[in-house]
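Have a look at the structure below, then the notes.
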Amino acid sequence: MQLLKRIGFYMIGLALGTLAVTFFWKNKKVSFDYGMDARTLKSIRKKKRLFSEEALKTIELHKIDTAQISIILKSGDVAFSKSKPRLKPCAEYYVTSENLDLYIIRCDSTATIEKVFVK
Numbered sequence: 002m003q004l005l006k007r008i009g010f011y012m013i014g015l016a017l018g019t020l021a022v023t024f025f026w027k028n029k030k031v032s033f034d035y036g037m038d039a040r041t042l043k044s045i046r047k048k049k050r051l052f053s054e055e056a057l058k059t060i061e062l063h064k065i066d067t068a069q070i071s072i073i074l075k076s077g078d079v080a081f082s083k084s085k086p087r088l089k090p091c092a093e094y095y096v097t098s099e100n101l102d103l104y105i106i107r108c109d110s111t112a113t114i115e116k117v118f119v120k
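In terms of our numbering, the sequence shown is residues 2 to 120.
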């Protein structure tokens, strides 16, 4: 009986602690970008965003809103098999989503969207 009582107290404490942490961090702009995709996309989002001529033509042709590109940079997947992350001086990344793919060149202060592929 003692073991069940201890497990019960542990679960109550764990639930209260989880609620407290959720409550305190809810209003803060905290992000937990620990995965390779999340860190890469966050570093691209932080930099000044530029568009190549080819990308601008594709965006105009298919009437793509830049908000869609921002959403892809928030929730897309980085295809590391098609990317060149160790390329110097600027790494190149291939970001995929359901309907658009982006080829991005990330330098120290800028992220240039070189190509936009519509599926």
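No residue lacks a Cβ here, since even glycine has one placed at the ideal position from N, Cα and C.
- Counting C-beta pairs closer than 8 angstroms gives fewer than three between the stretch 12 to 26 and the stretch 66 to 80, which falls short of the contact rule.
- DSSP places Ala92 in the strand class (E or B) of the three-state scheme.
- Shown here for Lys48: same chain residues with a beta carbon closer than 7 angstroms to its own, the five before and five after excluded, namely Arg107, Ser110, Thr111, Ala112 in chain order.
- Around the beta-carbon of Thr67, fewer than 16 other beta-carbon atoms lie within 10 Å, marking it exposed.
- Under DSSP, Phe118 shares a beta bridge with Asp102.
- Straight across, the Cα-Cα distance linking Lys89 with Lys116 is about 19 angstroms.
- DSSP assignment within the stretch 34 to 97 yields the following whole beta strand (DSSP E) runs of 3 residues or more, N-terminal first: 49 to 52, 92 to 97.
- Per DSSP, the unbroken alpha helix (DSSP H) holding Lys27 starts and ends at 3 to 27.
- With respect to the 7 angstroms criterion, Asn100 and Lys120 are classified as neighbours on the basis of their beta carbons.
- Within the same chain, and ignoring the five residues on either side of Ile73 in sequence, the residues whose Cβ sits closer than 7 angstroms to its Cβ are Val96, Ser98, Leu101, Leu103.
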